[in-house]
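Colleague: Quick one: structure below, then a few questions.
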Amino acid sequence: MNKIKTLRKAKGLNQGELAKSAGISQTYLCELEKSRKTNPSRDVLVRIAKALSVSVSELLDD
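Residues in the sequence shown are numbered consecutively from 23, following this note's numbering.
Quick look at the structure:
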């Protein structure tokens with residue numbers, strides 16, 4: 023899910039800021055960005071997308 027990292031950096035956020043905004047741990051966000059966790063729940067995707075001000079579909083587009 024490198025798209026998360028790309029969007030996060032484009033918004034000028036560090037992992038801690040995005041994780042806090044999305045209500046997830048920084049460790050979990052790091053695992054998502056490095057594709058160690060490949061099946062996040064819809065709820066997590068919605069929270070990350072909202073924190074990045076993008077749609078879930080934009081978050082998932084490659």
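Quick reminder that beta carbons are idealized off the backbone N, C-alpha and C, glycines included.
Taking the alpha carbon of S63 as the reference point, which residue from G38, K33, L82 has its own alpha carbon closest?
Modeller: Ranking G38, K33, L82 by Cα distance to S63 puts L82 first.
Colleague: Could you spell out the range, first to last residue, of the alpha helix (DSSP H) harbouring N61?
Modeller: Looking at the DSSP string, N61 is not in any alpha helix (DSSP H), and its letter there is neither H nor E.
Colleague: Hey, could you find the ends of the alpha helix (DSSP H) S43 is sitting in?
Modeller: Element bounds for S43: 37 to 44.
Colleague: How about E55 and N36: do their beta carbons lie closer than 8 Å?
Modeller: Contact flag unset, no.
Colleague: Looking at C-alpha atoms only, which residue of G45, R58, G38, L29 is the closest neighbour of D65?
Modeller: When only C-alpha atoms are compared, the closest one is G45.
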